[in-house]
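**Q** Note that the sequence shown ends on residue 95 in this note's numbering; no numbers are left out.
Ideal Cβ positions, reconstructed from N, Cα and C, are used throughout, including at glycine.
Remember, predicted model here, so these are calculated numbers, not experimental data.
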Amino acid sequence: MSQENNNNTVESTFIPQTVVRIMSTASFNHADTKISATALKASIEYLRVFTREAIWRSEENRRALEGEESTGDLTVANLEAVAANLVLDF
């Protein structure tokens, strides 16, 4: 799902039903556990910020290794290189 902000740029976000399903499957121990709309909205924003930061740090790492002129794609190796510090910061 995407949203257009005031600058006419598109910001990606997560589909609420997908986040609820992942939480229900991976996190909740009881089938009757629910998440409030406010908590879901906060979780989605957290995931959005975390994902953007991961992409940004991976890109910075790739540029540091390959040079500013590189036009290569990001790889799993780029993400792995920044993952530890990223998780510690969040």
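In chain order, which continuous runs of the alpha helix (DSSP H) of length 4 or greater are located wholly inside the region 16 to 43?
**A** Fully enclosed alpha helix (DSSP H) runs of 4 or longer: 21 to 31.
**Q** Whole angstroms are fine: how far does the CA of residue 19 sit from the CA of residue 50?
**A** Working through the sequence shown from its first residue, we reach residue 50 at position 45. Working through the sequence shown from its first residue, we reach residue 19 at position 14. Looking at the two C-alpha atoms, the distance is approximately 8 Å.
**Q** Determine the DSSP secondary structure at residue 95, reduced to helix, strand or coil.
**A** On the sequence shown, position 90 is the one that residue 95 refers to. Coil, per DSSP.
**Q** Would residue 91 and residue 64 qualify as a contact pair, given that the criterion is a beta-carbon distance under 8 Å?
**A** Taking the first residue of the sequence shown as 1, we reach residue 91 at position 86. Taking the first residue of the sequence shown as 1, we reach residue 64 at position 59. Cβ distance not < 8 Å, so residue 91 and residue 64 don't count as in contact.
**Q** In the structure shown, what three-state DSSP assignment does residue 76 receive?
**A** Taking the first residue of the sequence shown as position 1, residue 76 is located at position 71. Of the three classes helix, strand and coil, the one that applies to residue 76 here is coil, per DSSP.
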